[in-house]
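Colleague: One structure, as structure tokens, below. Some questions next.
Number of protein chains: 2
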Amino acid sequence: MPTVDDFHANPSFHAQHSPMGAFFSFTCGRFGSRGGMAAQRGRPANQDLFIGVKDGSRTGPGMLKCLPFFDQADKAARVADAAAQAYLVEQARAESDPAKKPPKVAAYGREQIRRRYGWATDAWTTEDFQFMVYTPFGEILDPHGASPGEMRRALLPAVLARLTIDNSAGKSVRTGFFAIGFHDSGLRILDEGLGEGRTGFAQGRTLGVAGRVIDGSGRQTAGEDGAGGAFAFMRWSPDGGLEDRDNPVHLLGGCPGIGFEVPPGQVRTLELALGCHLEEIVTTRLEGRYLYTRYFGGLTDVLGAAFDESPRIVRHCAALDRQLAESKLNLDQRFLLAHATRSYYGSTQLLDMGGEPYWIVNEGEYVMINTLDLSVDQLFWELRHNPWVVRNLLDNFVRFYSYHDQVKVPGGDPCSPGGDAPSPGGDSLSPGGITFCHDQGKDNQFAPLGHSSYELTDLDGCFSHMSQEQLCNWILLAAGYVAATGDSAWARSQATVIRGCLLSMQNRDDPDPSRRIGITRRDSSRCGRGAEITTYDSLDHSLAQTRNNLYIAVKDWASYLGLVLLLEKIGDADAASDAIASAKLAQETIVGQMTSEGWIPAVFEPGNPGHDSRILPAIEGLVYPLFWARQPHASQASRWIDADGPFGALIAALRRHATTLLSNPARGDSANRFADGGVRLSSTSKNSWMSKIGLALHVCRTLFHLDENGAEQPSPGPGGWTSADSAHTAWQTEGASAYWACSDQIVSGVAQGSKYYPRIVTTVLWMDE
Amino acid sequence: MPTVDDFHANPSFHAQHSPMGAFFSFTCGRFGSRGGMAAQRGRPANQDLFIGVKDGSRTGPGMLKCLPFFDQADKAARVADAAAQAYLVEQARAESDPAKKPPKVAAYGREQIRRRYGWATDAWTTEDFQFMVYTPFGEILDPHGASPGEMRRALLPAVLARLTIDNSAGKSVRTGFFAIGFHDSGLRILDEGLGEGRTGFAQGRTLGVAGRVIDGSGRQTAGEDGAGGAFAFMRWSPDGGLEDRDNPVHLLGGCPGIGFEVPPGQVRTLELALGCHLEEIVTTRLEGRYLYTRYFGGLTDVLGAAFDESPRIVRHCAALDRQLAESKLNLDQRFLLAHATRSYYGSTQLLDMGGEPYWIVNEGEYVMINTLDLSVDQLFWELRHNPWVVRNLLDNFVRFYSYHDQVKVPGGDPCSPGGDAPSPGGDSLSPGGITFCHDQGKDNQFAPLGHSSYELTDLDGCFSHMSQEQLCNWILLAAGYVAATGDSAWARSQATVIRGCLLSMQNRDDPDPSRRIGITRRDSSRCGRGAEITTYDSLDHSLAQTRNNLYIAVKDWASYLGLVLLLEKIGDADAASDAIASAKLAQETIVGQMTSEGWIPAVFEPGNPGHDSRILPAIEGLVYPLFWARQPHASQASRWIDADGPFGALIAALRRHATTLLSNPARGDSANRFADGGVRLSSTSKNSWMSKIGLALHVCRTLFHLDENGAEQPSPGPGGWTSADSAHTAWQTEGASAYWACSDQIVSGVAQGSKYYPRIVTTVLWMDE
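Going down the list, the sequences are from chains U and A.
Position one of the first sequence corresponds to residue 2 (our numbering), numbered consecutively onward.
Position one of the second sequence corresponds to residue 2 (our numbering), numbered consecutively onward.
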């Protein structure tokens with residue numbers, strides 16, 4: 002019995018079926034849309050998928066009945082009428098010009114398909130067959146200590162799928178097929194190197210599909226020449242390839258496929274391996290190739306390994322499905338986590354850079370390399386599975402993408418320390434410190450060392466620098482890593498950087514200790530005449546500027562506490578108490594901004610347009626101490642989130658802020674809920690990010706015990722947010738959004754940016770509620 | 002003074018500027034169309050090119066005045082009005098919403114541009130600048146004997162260009178630029194590895210442009226930081242990259258470029274290297290990488306070498322231009338040859354296959370590998386430049402893409418030798434012999450050994466087998482190679498194959514010597530129920546079937562003579578005289594088909610629809626003995642084309658045939674001229690192939706001394722074909738054809754197939770007239 006229920010909402014959405022670290026996906030699921038296999042691409046591939054069955058033998062005249070995974074499938078002939086049509090077709094063909102062939106492909110309609118979307122399986126069932134894609138995930142071992150066999154299992158750059166046709170009650174043979182209509186060149190048949198009974202096709206040296214026929218226990222049952230084996234074809238259409246037994250393959254064709262026949266009285270399954278293998282150096286400046294090339298000799302090796310591993314893969318996926326199905330999450334929440342998981346892995350890329358592993362998460366459709374403000378959100382996922390990748394990221398940022406700046410003294414401040422050189426913008430400068438780049442490059446092109454691809458100078462909005470926030474992000478990643486692993490050897494190796502981070506944090510407040518207030522008040526000299534921005538770059542004034550910003554202020558506070566964790570780990574008690582002191586200043590400053598209405602302005606500048614915004618990300622910074630408190634190596638953090646602890650005042654203020662925002666019964670403009678019930682991060686913007694909602698909801702429920710209306714939650718767990726949850730599902734599955742296989746930036750319920758995005762795995766925190 | 006005249010016809014056509022053997026081109030020239038740099042692509046790239054000048058400094062507000070090499074350039078602002086517009090633009094911008102920027106790019110109109118199209122240079126001149134592209138060509142040495150330096154010079158996978166701005170009479174600074182608007186990802190700035198004073202940009206590891214500023218003598222004049230140096234930029238538009246000096250480069254941008262400033266009173270040139278470097282294995286089944294990777298370490302090495310070699314490149318191109326300008330060819334003929342040369346090299350690919358060189362010419366837009374019926378036409382070009390590539394091709398066909406078949410006994414022939422197994426089509430079979438595949442694969446994917454990508458079984462038309470014609474082609478290539486080189490060691494090494502070819506030729510006539518008539522009458526068993534076709538696959542009945550076909554019959558005759566050459570070279574006099582005997586039978590058969598009207602039916606079957614067609618390719622086979630007769634190692638061939646020699650009857654009959662066809666004053670249907678004066682290969686088809694016209698005209702003029710009206714040509718040389726020549730120019734330069742940078746298959750004056758094609762280099766034969 003399947004552990005995954007029939008999908009409860011609109012099943013017509015793309016999912017990014019991806020292995021781990023290969024920056025590869027097999028994307029499909031939205032009706033009438035192309036998808037398919039792609040490597041190193043920040044959007045779905047452009048392939049028509051023909052997956053289905055026809056009545057009769059492979060060369061018979063029957064109509065092909067397909068899942069609607071091809072362009073215009075929603076306008077194609079309907080399967081319900083296929084049998085009748087097939088008859089008419091034959092008649093028509095006999096009577097009229099044979100060149101005017103009617104279409105031979107029909108598509109199932111929505112009501113003829115059931116979809117089950119688990120954590121690691123995605124299954125479509127029609128009355129004729131079941132098609133199921135398996136995407137196991139789990140630990141990627143640190144290659145320094147792992148065996149080649151372990152690495153092969155973890156890094157297998159392939160996805161497994163099975164097409165099962167139950168013809169046990171049938172009276173005649175049926176033919177199943179999996180074919181891809183490509184719209185670019187380099188196609189070939191995999192006629193060697195796969196072993197007996199297996200066949201397949203490929204695009205160049207990099208993308209390939211192999212197939213074999215198996216029985217119910219997963220055992221391969223037939224050779225290519227034996228009865229019931231898999232056969233390859235390639236013509237300009239899937240029907241053309243099946244019908245012409247004399248010429249099933251034309252190398253000029255654009256639609257290769259794999260087929261199999263199912264005799265009456267039998268059940269047969271076509272097992273498919275869909276994989277990639279890029280053998281060459283794929284990046285520039287820092288030159289790396291995929292780490293999997295150390296363990297796989299080529300495409301056929303990859304595809305063969307998927308078959309060898311298929312029983313384990315299927316078991317593993319079932320266990321993952323079960324784990325999610327047995328969680329406290331409701332159906333919408335399960336969907337969001339399962340959807341986010343796939344989209345995350347589709348963006349992951351593990352390289353071998355001169356003998357060392359190099360972990361990358363690409364930024365969805367933008368394909369920026371290791372965007373640091375995404376990394377800090379993906380931390381929670383990565384620490385569950387492979388903490389070493391977080392360490393790898395931290396090290397790579399220090400080595401290649403850190404820099405030292407000065408900071409700009411707020412203009413005209415008579416008390417600012419004098420004697421600094423004027424900045425390019427005419428401001429005077431004071432000491433800054435170490436910080437980190439927004440990202441490491443784009444589309445496999447590493448940016449100049451010490452510079453991101455995103456940040457420009459002299460700007461006030463999008464594309465300005467995020468020097469303060471990226472400094473916080475590095476600290477929070479490091480603190481999370483140490484809290485989870487207790488890796489004090491690593492912390493000691495970074496002692497200079499950690500102490501430098503504290504100084505840099507404080508200098509962005511004020512270099513003069515007596516004048517500090519615990520939050521960021523100075524912009525990096527890298528901004529030139531411009532000003533620093535936050536990761537919410539395209540939201541609105543409430544989250545644009547970094548200075549005197551509520552969201553950043555709470556993140557500053559959390560970062561000081563993160564530094565406490567790290568400084569204690571390296572035994573620097575003096576610096577740790579210095580950091581605590583700054584955290585306390587931050588608390589004081591933030592709490593002091595509380596309005597009489599029970600919320601805190603987004604920007605602490607009364608004349609600023611952001612002063613009137615009510616932002617839920619105010620509470621985002623709380624997620625870090627909340628997370629640390631549950632880790633084995635950061636016991637002190639539980640006091641920091643204790644209502645009676647040293648930061649009780651801040652916790653109380655932010656709880657009051659969140660309660661005020663959520664308990665506002667209004668929906669739409671000026672509220673923190675959209676009309677559809679979805680969560681609105683800023684009361685003054687139509688923009689919302691699902692990943693950030695994931696964090697905010699976790700804090701609301703776990704720390705504040707609030708339901709979606711700001712009331713006390715009756716029982717622990719992720720419940721009490723039903724209307725929000727169901728809106729969030731619709732954001733991903735309805736309309737144009739459904740093409741993008743999990744998007745982050747939602748404008749009034751539609752994915753408008755940050756599409757095909759990895760960051761929504763913040764929702765994994767819900768599993769701990 | 003330039004040796005190349007201003008282009009005399011429509012200058013708005015793409016040219017494929019390509020180095021040798023790199024399967025790379027920089028394509029540009031058609032107004033309002035995209036082009037640019039591409040490797041391994043059978044069509045122009047999809048890049049907008051912004052090449053031009055703006056008045057004022059790099060960051061000034063001036064309008065960019067560009068060559069019209071970008072999408073919609075024909076609809077962009079016109080340069081004539083640019084100065085006025087620039088003023089208005091500034092006013093408008095100041096007054097209105099700055100987000101509503103008016104366009105800042107203007108394009109020169111057709112009447113503002115002069116183009117000069119030489120054999121190895123392509124120059125555009127406006128009142129403001131000159132842009133010139135250099136594509137030298139010549140010998141590629143056999144790598145077994147050449148030095149690395151020689152190979153670097155021959156295989157340099159880059160094209161050189163120069164943008165010169167004469168501001169000697171100017172009063173203020175002007176800024177020149179070369180920028181590319183990409184529509185795909187992976188862009189970066191080449192900020193390291195090029196050396197001082199040079200900068201550039203790249204797409205990934207494979208495509209790149211570098212620039213430097215040089216003086217009139219080609220000497221680099223300035224460093225990046227010095228006055229007048231080249232600078233890089235990259236934003237979303239060329240004007241954006243020039244204007245923003247604070248942020249000239251955004252790695253998220255899609256339009257990288259190189260600029261330079263020219264102070265008043267000065268002339269400066271931006272020298273550009275446009276190149277590629279693909280380091281990895283690029284093919285499948287037979288696995289090869291580019292041979293140039295043995296000599297170049299990477300993209301920056303390639304681009305730097307172009308600069309190092311630039312004086313030699315410029316001299317070499319000037320010499321090639323002069324050679325063509327001083328030839329007897331008229332302007333149209335010069336254009337066709339120069340155009341064909343570029344398109345040929347754009348399809349060439351020299352690989353290193355396990356330590357051995359592997360020569361490939363890809364088939365234009367179809368990208369089939371070494372299509373053998375193209376190879377035989379490209380022979381004349383290749384023997385002029387690097388005969389070893391012909392030998393390489395011959396060897397690779399024998400080793401990987403030859404096969405042995407049987408042949409089908411014509412149905413119901415009571416005299417056919419009995420006892421053979423019935424063929425799949427029910428015919429009985431008789432012995433066949435060795436022959437060769439149509440091609441070796443497609444799009445870098447080698448076909449299964451012994452099989453082409455093109456040929457299928459059981460067909461009568463397109464995609465059927467060409468077993469007989471490819472056998473002829475191998476023989477004719479081998480004969481041409483030996484005639485030109487006298488390489489008897491190679492001929493001896495192929496003795497078995499050569500003798501096998503004779504047997505195979507004769508068996509396709511009749512295995513019984515007493516029943517032979519010298520021409521092909523049996524189809525290969527590979528055809529199954531179908532029939533063999535010729536290389537003129539998509540023409541009409543006149544050139545579709547191989548059996549009893551006039552075109553094939555004459556090619557059979559030439560092939561027997563080619564075998565004579567080869568057999569004499571290996572000292573097999575008996576076999577040679579056997580081959581001569583078959584050639585004589587062929588003569589007898591062909592001459593016997595002469596009609597009373599003085600032409601020979603295309604198909605020797607009175608009931609066949611091709612029986613009424615009058616085809617010029619009847620005379621194509623004569624080009625081989627005509628060619629051999631001029632080579633140093635085939636003196637006997639001059640007798641074969643002598644009107645008083647052993648084949649005088651055939652020569653006379655074909656001369657009469659050609660005269661009849663050409664002297665028909667009709668144009669259009671049923672004639673051998675189109676309404677526009679262009680040559681029509683078959684009186685019953687609107688299809689014509691320019692490469693084949695090149696051969697037919699060479700025979701008409703050189704052997705028959707005919708002008709385009711079938712009259713005796715008054716003086717030797719390529720004259721007397723003016724109206725045809727000018728039509729042939731229009732076929733390449735007018736309308737949609739002009740996008741495809743030299744196409745072969747022309748339907749009623751428009752390129753409809755065989756676009757972006759290499760084969761038109763048959764026109765090089767005209768240089769020998």
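Quick reminder that beta carbons are idealized off the backbone N, C-alpha and C, glycines included.
If you draw a straight line from the C-alpha of R516(A) to the C-alpha of Q594(A), how long is it?
Modeller: Within the second sequence, residue 516(A) is the residue found at index 515, counting from 1. Within the second sequence, residue 594(A) is the residue found at index 593, counting from 1. Whole-angstrom Cα-Cα distance: 18 Å.
Colleague: Would you list the one or two residues that DSSP bridges to L208(U)?
Modeller: Residue 208(U) sits at position 207 when you count from the first residue of the first sequence. In DSSP, L208(U) forms a bridge with Q204(U) and C277(U).
Colleague: Tell me, please, which residues DSSP counts as bridged to Q221(U).
Modeller: The residue labelled residue 221(U) in the question sits at position 220 within the first sequence. Paired residues: I215(U).
Colleague: Find the residues of chain U that neighbour T372(A), judging by a C-beta separation of less than 8 Å, and give them in chain order.
Modeller: As a position in the second sequence, residue 372(A) is number 371, starting the count at 1. For T372(A), there are no neighbours in chain U by C-beta distance under 8 Å, as the nearest C-beta there is about 12 Å away.
Colleague: Please determine, among G194(U), K443(U) and A326(U), the residue with the shortest C-alpha to C-alpha distance to R286(A).
Modeller: Residue mapping note: residue 286(A) aligns to position 285 of the second sequence, counting from 1. Taking only the C-alpha atoms, the option nearest R286(A) is G194(U).
Colleague: If you measure from the beta carbon of S186(A) to each beta carbon in chain U, is any gap under 7 Å?
Modeller: As a working mapping, residue 186(A) is identified with position 185 in the second sequence. Judged by the 7 Å Cβ criterion, S186(A) is in contact with chain U.
Colleague: CB-CB under 6 Å to W641(U), same chain, minus the five flanking residues each way: which ones, in chain order?
Modeller: One-based indexing of the first sequence puts residue 641(U) at position 640. Within the same chain, W641(U) has close Cβ partners L562, P626 and F648.
Colleague: Please name the residue, chosen from K693(A), L662(A), Y135(A) and C502(A), that lies closest to G119(A) on a Cα-to-Cα basis.
Modeller: Here residue 119(A) refers to the residue found at position 118 when the second sequence is read from its first residue. Checked all of K693(A), L662(A), Y135(A) and C502(A); the closest Cα to G119(A) is Y135(A).
Colleague: Whole angstroms is fine: what's the gap from N47(U)'s alpha carbon to H15(U)'s?
Modeller: For this step, residue 47(U) is matched to residue 46 along the first sequence. For this step, residue 15(U) is matched to residue 14 along the first sequence. Each residue's CA atom was taken as its position, placing N47(U) and H15(U) some 13 Å apart.
Colleague: Go ahead and label T497(U) buried or exposed: buried means 16 or more other beta carbons lie within 10 angstroms of its beta carbon, across all protein chains shown.
Modeller: For this step, residue 497(U) is matched to residue 496 along the first sequence. By the neighbour-count rule (16 or more Cβ atoms within 10 Å), T497(U) is not buried but exposed.
Colleague: Between the Cα of S453(U) and the Cα atoms of G433(U), H658(U), F234(U) and F401(U), which residue gives the shortest distance?
Modeller: Translated into positions along the first sequence, residue 453(U) becomes position 452. When each option's Cα is compared against that of S453(U), the closest is F401(U).
Colleague: Taking C-alpha atoms, which residue in H340(A), F464(A) and A203(A) lies nearest to A532(A)?
Modeller: Looking up residue 532(A) in the second sequence gives position 531. If we check each option's Cα against that of A532(A), F464(A) comes out closest.
Colleague: If contact means a Cβ-Cβ distance below 7 Å, which residues of the stretch 283-309 of chain A contact chain U?
Modeller: Result list: T285.
Colleague: Starting from T1(U), find everything on chain A with Cβ-Cβ shorter than 9 Å and list it in chain order.
Modeller: The shown model of chain U, from 2 to 770, leaves out residue 1(U), and the question about it has no answer.
Colleague: With DSSP run on the structure shown, which of helix, strand or coil describes M369(U)?
Modeller: In the first sequence, residue 369(U) corresponds to position 368, counting from 1. If DSSP states are grouped into helix, strand and coil, M369(U) belongs with the strands.
Colleague: Can a CB atom of chain U be found closer than 7 Å to the CB of D541(A)?
Modeller: As a working note, residue 541(A) is residue 540 in the second sequence. The beta-carbon of D541(A) is placed no less than 7 Å from the nearest beta-carbon of chain U.
Colleague: CB-CB under 6 Å to A676(U), same chain, minus the five flanking residues each way: which ones, in chain order?
Modeller: Reading the first sequence from its first residue, position 675 is the one you call residue 676(U). Excluding residues within five positions, the ones whose Cβ falls inside 6 Å are R668 and G669.
Colleague: Measuring CB to CB, does E151(A) end up less than 7 Å from E281(U)?
Modeller: Counting from 1 along the second sequence, the entry for residue 151(A) is found at position 150. Counting from 1 along the first sequence, the entry for residue 281(U) is found at position 280. No, the pair does not count as a contact, with Cβ atoms beyond the cut-off.
Colleague: With a cut-off of 8 Å, do at least 3 Cβ pairs link the stretch 285-305 of chain A to the stretch 201-217 of chain A?
Modeller: Contact between the stretch 285-305 of chain A and the stretch 201-217 of chain A is present, with at least three C-beta pairs closer than 8 Å.
Colleague: If we define contact as Cβ-Cβ less than 7 Å, is S454(A) a contact residue for chain D?
Modeller: Going by chain labels, chain D is absent from the structure shown, which instead holds the protein chains U and A.
Colleague: Residues in the stretch 13-43 of chain A with C-beta within 7 Å of chain U's C-beta atoms, listed in sequence order?
Modeller: none
Colleague: Which residues, taken in chain order from the stretch 429-450 of chain A, show a beta carbon closer than 8 Å to some beta carbon of chain U?
Modeller: G442, K443, D444, N445, Q446, A448 and P449
Colleague: Sorted by chain position, which residues of the same chain lie with C-beta nearer than 6 Å to A603(A)'s C-beta, five sequence neighbours on each side aside?
Modeller: Here residue 603(A) refers to the residue found at position 602 of the second sequence. Correct list, in chain order: S543, L551, G611, S614 and I616.
Colleague: Tell me which same chain residues have a C-beta within less than 7 Å of the C-beta of G201(A), skipping the five on either side of it?
Modeller: By one-based count along the second sequence, residue 201(A) stands at place 200. Closer than 7 Å at the Cβ level, and outside the excluded window around G201(A), lie L191, L195, G209, V210, A211, G212, A233, I259 and L304.
Colleague: Anything in chain A within Cβ reach of T60(U), meaning under 8 Å, just list it in chain order.
Modeller: Taking the first sequence and counting its residues from 1, the one referred to as residue 60(U) is at position 59. The contacting residues do not exist; T60(U) stays about 13 Å from chain A at best.
Colleague: Ordered along the chain, which non-local residues of its own chain (more than five positions away) have a Cβ less than 7 Å from that of G718(U)?
Modeller: Taking the first sequence and counting its residues from 1, the one referred to as residue 718(U) is at position 717. Only K329 and E770 meet the Cβ criterion.
Colleague: Which chain U residues are close to T764(A), counting only those with a beta carbon under 9 Å from its beta carbon?
Modeller: The residue labelled residue 764(A) in the question sits at position 763 within the second sequence. Residues of chain U passing the Cβ test: none, with the nearest at roughly 28 Å.
Colleague: Indicate whether at least one CB of chain U lies closer than 7 Å to the CB of P759(A).
Modeller: Here residue 759(A) refers to the residue found at position 758 of the second sequence. By this cut-off, P759(A) is not an interface position.
Colleague: Is the shortest distance between the beta-carbon of R246(A) and the beta-carbons of chain U less than 7 Å?
Modeller: To locate residue 246(A), count along the second sequence from 1; it is residue 245. No - not a single Cβ of chain U is within 7 Å of the one on R246(A).
Colleague: Counting only Cβ pairs nearer than 7 Å, list the residues of chain A close to T458(U).
Modeller: For the purposes of this step, residue 458(U) is taken as residue 457 along the first sequence, with counting starting at 1. Within chain A, the residues near T458(U) are D247 and N248.
Colleague: Does DSSP put A93(U) in a helix, in a strand, or in coil?
Modeller: Taking the first residue of the first sequence as position 1, residue 93(U) is located at position 92. With a pLDDT of 48 at A93(U), under the threshold of 50, the predicted position of this residue should be treated as unreliable, and no value is reported.
Colleague: Below 7 Å between beta carbons: does that hold for R116(U) and P12(U)?
Modeller: Here the question's residue 116(U) lines up with position 115 in the first sequence. Here the question's residue 12(U) lines up with position 11 in the first sequence. Yes, Cβ-Cβ distance for R116(U) and P12(U) is below 7 Å.
Colleague: Pair every Cβ in the stretch 360-372 of chain A with every Cβ in the stretch 462-477 of chain A, then say whether three or more of these pairs are closer than 8 Å.
Modeller: Counting C-beta pairs closer than 8 Å gives fewer than three between the stretch 360-372 of chain A and the stretch 462-477 of chain A, which falls short of the contact rule.
Colleague: Which residues of the stretch 364-393 of chain A have a Cβ closer than 9 Å to any Cβ of chain U? Give them in chain order.
Modeller: For the stretch 364-393 of chain A, the residues whose beta carbon sits under 9 Å from a beta carbon of chain U are, in order, Y367, V368 and M369.
Colleague: Under 8 Å, with one C-beta from each stretch per pair, do the stretch 440-448 of chain U and the stretch 580-596 of chain U reach the 3-pair mark?
Modeller: Look at the beta carbons and you see the stretch 440-448 of chain U not touching the stretch 580-596 of chain U: under three pairs across the two are nearer than 8 Å.
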